[in-house]
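Heads up, the thing below is written out as structure tokens.
Numbering (my numbering), first residue to last: 990 to 1207.
Written as structure tokens, this is what we have:
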């Protein structure tokens, strides 16, 4: 979808009385959707899923981007389970012993609960990022009667790059250090030539998704 089509769809949601929000990880490639949304509705709720394990640079970059884009409504979404209780039976933190459950507690469950308060979740998944995302549709049902809207589904890495160049969008500061896909600090590593974008997350595990895009859709 191009900007005009995305704007028309969001305005249609608004005219129909739908409550919508977007999520953003504030990675460099995520900023294209966020920038387009800032051109449509600067009061859109922007949900940052704060696991408590992000790089400090990500949090600083998040705040700088919100201010630069003129976005006024940041939701810092956190788990109801304190970090001190996020441990396995051996006393080690969940990200080291059960990363799937760690993602569930810190990402999937909080967003699942948030969906009770909204009608539309706008997120920037792209079909070229993984096999899971390739199977998605532009609109899909989500839990609690909500709708997932994927306006960037048919965008490519080249299109993302060209838009970033056109509007001179900033890059995540860790990108210059070799990080391409940036999530929680314990589960993110620098890329090497043999790896794909998603393989730098949860390296060495049979895992490329956190549950947001597998569990929270029908």
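Quick reminder that beta carbons are idealized off the backbone N, C-alpha and C, glycines included.
Once the 5 residues before and after residue i are set aside, which same chain residues still bring their CB inside 7 angstroms of it?
i, result
"residue 1002", "1009, 1109"
"residue 1187", "The predicted position of residue 1187 is uncertain, since its pLDDT is 46 and thus under 50; no value can be drawn from it."
"residue 1149", "1018, 1021"
"residue 1080", "none"
Residues in its own chain within less than 6 angstroms of residue i by CB, not counting five upstream and five downstream?
i, result
"residue 1041", "1072"
"residue 1141", "1022, 1113, 1115"
"residue 1068", "1094, 1095, 1099"
"residue 1103", "none"
"residue 1007", "1108, 1109"
"residue 1152", "1021"
"residue 1179", "1167, 1168"
"residue 990", "1140"
"residue 1086", "1077"
Would you call the CB atoms of residue i and residue j closer than 8 angstroms?
i, j, result
"residue 1045", "residue 1176", "no"
"residue 1066", "residue 1094", "no"
"residue 1024", "residue 1058", "yes"
"residue 1051", "residue 1015", "yes"
"residue 1096", "residue 1200", "yes"
"residue 1064", "residue 1030", "no"
"residue 1174", "residue 1043", "yes"
Starting from the Cα of residue i, find the closest Cα among the options and give me that residue.
i, options, result
"residue 1202", "992, 996, 1012, 993", "1012"
"residue 1123", "1063, 1144, 1153", "1144"
"residue 1155", "995, 1020, 998", "1020"
"residue 993", "1005, 1028, 1127, 1006", "1028"
"residue 1033", "1055, 1039, 1049", "1055"
"residue 1106", "1081, 1134, 1083", "1134"
"residue 1039", "996, 1091, 1152", "1091"
"residue 1048", "1102, 1162, 996", "1162"
"residue 995", "1111, 1080, 1101, 1178", "1111"
"residue 1026", "1086, 1004, 1053, 997", "997"
Thinking residue i and residue j are a contact (beta carbons under 8 angstroms), I'd like their distance in whole angstroms, please.
i, j, result
"residue 1205", "residue 1132", "6 angstroms"
Using a Cβ-Cβ cutoff of less than 8 angstroms, which residues in the same chain neighbour residue i once the five nearest sequence positions on both sides are dropped?
i, result
"residue 1129", "1136, 1137, 1139, 1206, 1207"
"residue 1126", "1139, 1142"
"residue 1053", "1159"
"residue 1083", "1075, 1076, 1077, 1090, 1091, 1094"
Give a yes or no on whether the minimum CB-CB distance between residue i and chain D is below 8 angstroms.
i, result
"residue 1101", "The displayed structure is made up of one protein chain only, and chain D is not part of it."
Practice task
Decide if the segment 1163 to 1172 is in contact with the segment 1128 to 1141; the criterion is three or more beta carbon pairs, one per stretch, under 8 angstroms apart.
Solution key: no
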